[in-house]
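*Asks:*
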Amino acid sequence: MPPADWENEQVVERNRLPPRAYYLPKDCISLNGTWSFHYSSTPLEAQNVDETAKWSKMDVPSMWQLHKSKRFGHPAYTNVKYEIPVDPPRVPTDNPVGTYERSIEITKSWAARNNTILRFEGVDSAFHLFVNGEQVGYAQGSRNAAEFDITAYTHIGADNRIRVRVYQWSDGTYLEDQDQWWLSGIFRDVYQLGFAKTAKIEDFQVKTTFPKADEDSYVDALLRWNVSVSVSQASQLRVELLDQSGGRVGDSLAQFGSSGHQTGQMALAAPALWTAESPNLYTLRLTLKQDDEVIECIEQQAGIRQIEMKHSLLCVNGKPILLNGVNRHDHHPEHGRTVPLDFLRDELLLMKANNINAIRTSHYPNHPLAYSLFNELGFYVIDECDLECHGFEEAASGTDKTPESFTTDNHAWEYAYVERMRQLVHRDINQPCVIMWSLGNEAFFGCNHKAMAAWTRKFDETRPIHYEGNRDAEVSDVYSYMYHSWESLVEKATEEHWTKPIILCEYAHAMGNGPGGLSDYQRAFREHRRLQGGFIWEWCNHGLLTTDTKTGISYYGYGGDFGDVRNDGNFVMDGLVNSDHVTPTPGLLQVKKIFQPISVSLEKGNLHITNLYDFQALNHLDCTWRYEKISSKDRFVVLLGDGKLDVEAGPGEMVKLPLPELAPPTDTCEYLLTVSFTLKKATPWAKTGYEIAWEQFVLQPTKLALLNEPEAVNRKLQVTETPLKITVTAGPSIFEFDKVKGRFAQWQFDGKPMLAQPAHLGFWRAPTDNDNPEDAKHWRWFGVDTMLERLAELTTTQTDTEITIKIRSRWASAVTAWGLECQTTFAVFDSGKLQVNFKLQPEGPVPKTMPRIGLDLLLVPGFSDVQWHGLEGESYPDSFEASRIGFFSSTVDDLFTNYEKPQACGNRHKTRWLVISQKPGYFVSGRRIECAMTTQMFDFTASHYTDEAFEMAKHPFELKKMEETLLSLNAAVHGLGTGSCGPGVGDPYKLKTVPIQFTIELNASIF
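For the sequence shown, UniProt numbering gives the first residue as 1, with consecutive numbering after it.
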């Protein structure tokens, strides 16, 4: 007995029409809507489903595990592991099947002129099609289209029953292991298409080149077309190229006496060229006539551009390009891989607004209409084949097999591999945005990839081929790498006699709080021409909207939240945008800054402005400057001057402009010059005045530790001492020090306490996703999360204006033999100011790094408003460039970053001065605490959540919020890195366990 179609690698289709370039004919009826649906546990059960069975309703397109009834299985997430036993091409007997059914009407007029085609844009993972009870065909390849001619199976003038039997698992499942939710169903559009019986355009390709490209002339172009037709009598084909106003700029004719294909070309004098920066589009119109009657008319976007490998680099229109890209999965928080077009458009507008110019369709073809948006808005696209099978790596472990031997280097699977590539290339051949074909992702490398590459080159000689798994670029035109450090890339970029460029198909894993180190990658890309950029992993989190059954609270779930026992947790939450596809993470703001297309530096009194666009001058932007001074002491920002600059710089050019006349600094304030570039005119993705790029220069740094000290008014310090504590009174401030533990135990001001518990040194942070794989494990092994203090000595000295309490102690972990010898000096002045000096000396077998080092103050409820002089947004040593220096105000709540898996957040880097305040009430003055460090800038967080609360919560709604505010004043913090999948924190950004000394000053006042 032959194997079932869904378990036979030799059968990827039955009766499916050959793949073709995408277009929809004028006779096109959407079959989207509500279908009847039956859910079976096995294919055998599904074969016996009839009209007497219990049917439900299912939206098409949709994914059945996301049905509101929750009766049809559940979503499951794994990154690598297969959801079924690894035994290709076989799948389990328990193979759920969704049977869809609806009726269509074939009218007499329709049938008289048309053959009827059913088109499925996407069905996961395989399906049989039946019409009026007869089997029409079979198809697999979830993200590829499938068309069937059902003309012979239909009844004219009557309802025709369409039944689609969709298998959750098939042999194709082994090739679709793509780090995403396992979901099933008819998830893309379904159409009833009518193609004329007398004449039909079967397929067409359009390609553009520049005849004088060898002479570096990319002005006059040549458009070549190749059209295949089926005709029953003499027919005429007209090929026209129309500009955006509808004017004809090219025209050619072809006569067909019988079915076949013809080629033609048209010369274009100085056309407007397509690039991601200037996505100029024309319309290609194909009109097929018989006896002067229009039988078929197709319109296709056309972009005049040439992709080539030139001078060993990837070039568009003769120029090397830099890919500032992201990987993008199809995802909707409620509909899974069913993504409405307007939802996608909003995603793309957000990308453009953040200086992203390239998309890798990880790891499969997108909906065909997506490419119209890519063309229109301007994105370079690596179009990827629906192929990934990295689960075989684990399956091969402990056996004598190699991962590639299962399918990739197994000739029995060659047809399945090549057919997936054929589907992709045929469909998207005419999309100008597509600059490279990709042979898939993480599918190892073998004979079947070579066959895919050979077929692709034969069919389309105009685009290069990409595949990361081909490590030595045997069939790939570029070297493609994943998650390499920027240092290793520079090493490769400086090799001698290189012949192919390097592109990072994945880098800067954006999981949770991160990524860190983006500026290092971008600098390497800019400085080494062989490095042509890459694609950040990834665009968005993939949480699915669900509801907590106990609280009724909605949240975005990840692996393990839906009953999927085998799962990879929140590894699916690794994007620059939250699962709503609207809320940017701080990582996206960093991307925008790092990807900005203009560089500004200040050298010897001149501004050096470099246009980093590949094709575009800067005449679409306004350049303005602002000169300001900031006083921490008096809490003000003064605008000293502003104006416009006339910047004329072509692509890649640098211009040198003298600084505007600026008043010289006259005091100890911080003086800042900010240069900004904004849009002169609105674009589809941004309004007039939207900022594209900016740079800021500190012309005079502030004097640190400028606190507003109250007048002493000749008062004396009052000191009382008991065996347990020392109490120091300085006017309205009362400081208590615990003699037993050596702690700053309480601070009263204006008669009320301000500390909810004694202050102490802090070393731990709730691990970020990028900390977890290595750094957090290292810290925990050394017990950094369980540090305890032992008091060794406490002494005091006193004058009329100051009391000093010196404490010698040792901080050590409960795990290993290392520790920190600590000398702490508390100095209370008659003005009410408290100065705290820490000297820390590591001893023993110390950890390589620490999460942070600082003073933790748990403040009583009410301290909820923060002002600071420093960087505006969430920022860390390796991720701060997106934040301006300034004077800012916020609430503690607003300093919190709502990561969809709670973790350390909200840090502000390079802070000069900070005040946290308690609002006044009826007949009660407000209180505030000023904070600064005397010799350095510092980091701070202010939060209503403890580290323990972050670590205990899987989702934001589970966070236990407290009324108190935890203020952490950190002398140093560890960077972020991309350790969740890639390099950890770069060496310059690590908080190494070395001796450290810092001094904090604190003041309290009323307002």
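Beta carbons are placed, not taken as given, at the ideal position from N, Cα and C, and that holds for glycine.
Since the model is a prediction, treat every value here as computed from it, not as a measurement.
On a Cα-Cα basis, can you pick out the residue from 116, 544, 5 that is closest to residue 75?
*Replies:* Checked all of 116, 544, 5; the closest Cα to residue 75 is 544.
*Asks:* Residue 988: buried (16+ other C-beta within 10 angstroms of its C-beta) or exposed?
*Replies:* With fewer than 16 other Cβ atoms from the protein chains shown falling within 10 Å of its own Cβ, residue 988 counts as exposed.
*Asks:* Classify residue 100 as helix, strand or coil using the three-state DSSP reduction.
*Replies:* strand
*Asks:* In chain order, what residues of the same chain lie with their CB nearer than 7 Å to the CB of residue 890, ignoring the 5 residues before and after it?
*Replies:* 866
*Asks:* When the distance is taken between beta carbons, is residue 227 closer than 9 Å to residue 262?
*Replies:* yes
*Asks:* Candidates 919, 952, 880: which alpha carbon is nearest residue 977's?
*Replies:* 880
*Asks:* Kindly indicate which residue of 215, 863, 795 has the alpha-carbon position closest to the one of residue 942.
*Replies:* 863
*Asks:* Considering Cα atoms alone, identify which of 430, 181, 469 is closest to residue 459.
*Replies:* 430
*Asks:* Return the chain-ordered list of same chain residues with a C-beta closer than 7 Å to the C-beta of residue 442, the five sequence neighbours on each side being excluded.
*Replies:* 388, 390, 469
*Asks:* Helix, strand or coil for residue 921? Go by DSSP, reduced to three states.
*Replies:* Note: residue 921 maps to strand in three-state DSSP.
*Asks:* Tell me where the alpha helix (DSSP H) around residue 869 begins and ends.
*Replies:* Residue range 863-871 is occupied by the beta strand (DSSP E) that includes residue 869, with no alpha helix (DSSP H) assigned at that position.
*Asks:* Starting from the C-beta of residue 572, find all residues in its chain whose C-beta is less than 8 Å away, skip the five residues before and the five after it, and write them out in chain order.
*Replies:* 77, 79, 179, 180, 181, 541, 542, 543, 558, 559
*Asks:* Please say whether residue 763 and residue 846 have beta carbons closer to each other than 9 Å?
*Replies:* no
*Asks:* Return the chain-ordered ranges of every alpha helix (DSSP H) run that is complete within the stretch 461-531 and spans a minimum of 4 residues.
*Replies:* 486-493, 518-527
*Asks:* My understanding is that residue 765 touches residue 947, with C-beta atoms under 8 Å, so please give their C-beta distance in whole angstroms.
*Replies:* Sure, about 6 Å apart at Cβ, within 8 Å.
*Asks:* Would you mind stating whether residue 503 and residue 533 have Cβ atoms separated by less than 9 Å?
*Replies:* yes
*Asks:* Where does residue 324 land, buried or exposed, given buried means 16+ other C-beta within 10 angstroms?
*Replies:* Taking every protein chain shown into account, the CB of residue 324 has 16 or more other CB atoms within 10 angstroms, so this residue is buried.
*Asks:* What number of angstroms, rounded off, separates the C-alpha of residue 26 from the C-alpha of residue 197?
*Replies:* 14 Å
*Asks:* Quick check: the Cα distance between residue 607 and residue 648, rounded to an integer number of angstroms?
*Replies:* 13 Å
*Asks:* In whole angstroms, what separates the C-alpha of residue 1008 from that of residue 413?
*Replies:* Not covered by the structure: residue 1008. The range shown for the chain is 1 to 1007.
*Asks:* By Cβ distance, which residues of its chain are closer than 7 Å to residue 259, with the 5 residues on each side in sequence left out?
*Replies:* Taking C-beta separations shorter than 7 Å and ignoring five residues to either side along the sequence, the partners of residue 259 in its chain run 229, 230, 231, following chain order.
*Asks:* Please state whether DSSP places residue 1009 in a helix, a strand or coil.
*Replies:* The chain is shown only over 1 to 1007; residue 1009 falls outside these bounds and no answer can be derived.
*Asks:* Inspect the beta-carbon positions of residue 592 and residue 355 and report whether they are closer than 9 Å.
*Replies:* Contact flag set, yes.
*Asks:* I'd like to check one pair, residue 914 with residue 940: are the Cβ atoms closer than 9 Å?
*Replies:* yes
*Asks:* Give the range of the beta strand (DSSP E) segment to which residue 762 is assigned.
*Replies:* 760-762
*Asks:* Taking residue 440 as the reference, give the member of 428, 420, 426 with the closest Cα.
*Replies:* If you compare the alpha carbons of 428, 420, 426 with that of residue 440, the shortest gap goes to 420.
*Asks:* Measure the beta-carbon distance from residue 284 to residue 300 and round it to whole angstroms, keeping in mind my assumption that it falls under 8 Å.
*Replies:* Their Cβ separation, rounded to whole angstroms, is 5 Å, which keeps residue 284 and residue 300 in contact under 8 Å.
*Asks:* Within this structure, are the beta carbons of residue 189 and residue 30 separated by less than 9 Å?
*Replies:* Taking 9 Å as the Cβ cut-off, residue 189 and residue 30 qualify as a contacting pair.
*Asks:* Quick check on this structure: which residue in 967, 986, 505 has the alpha carbon closest to the alpha carbon of residue 1002?
*Replies:* Residue 967 is the option with its Cα nearest to residue 1002.
*Asks:* Within the same chain, show all residues whose beta-carbon is closer than 7 Å to that of residue 107, passing over the 5 residues directly before and after it, in chain order.
*Replies:* 157
*Asks:* Under 9 Å between the Cβ atoms of residue 665 and residue 700?
*Replies:* yes
*Asks:* Following the continuous alpha helix (DSSP H) through residue 950, name the residue where it begins and the one where it ends.
*Replies:* 947-952
*Asks:* Quick check on this structure: which residue in 120, 218, 92 has the alpha carbon closest to the alpha carbon of residue 168?
*Replies:* 92
*Asks:* List the endpoints of the continuous alpha helix (DSSP H) containing residue 411.
*Replies:* Neither: residue 411 is in no alpha helix (DSSP H) and is coded neither H nor E.
*Asks:* Starting from the N-terminal side, write out each stretch of the alpha helix (DSSP H) that is 4 residues or longer and does not extend beyond the stretch 841-915.
*Replies:* 892-895
*Asks:* Are the Cβ atoms of residue 598 and residue 525 separated by less than 9 Å?
*Replies:* For residue 598 and residue 525, no; Cβs fall outside 9 Å.
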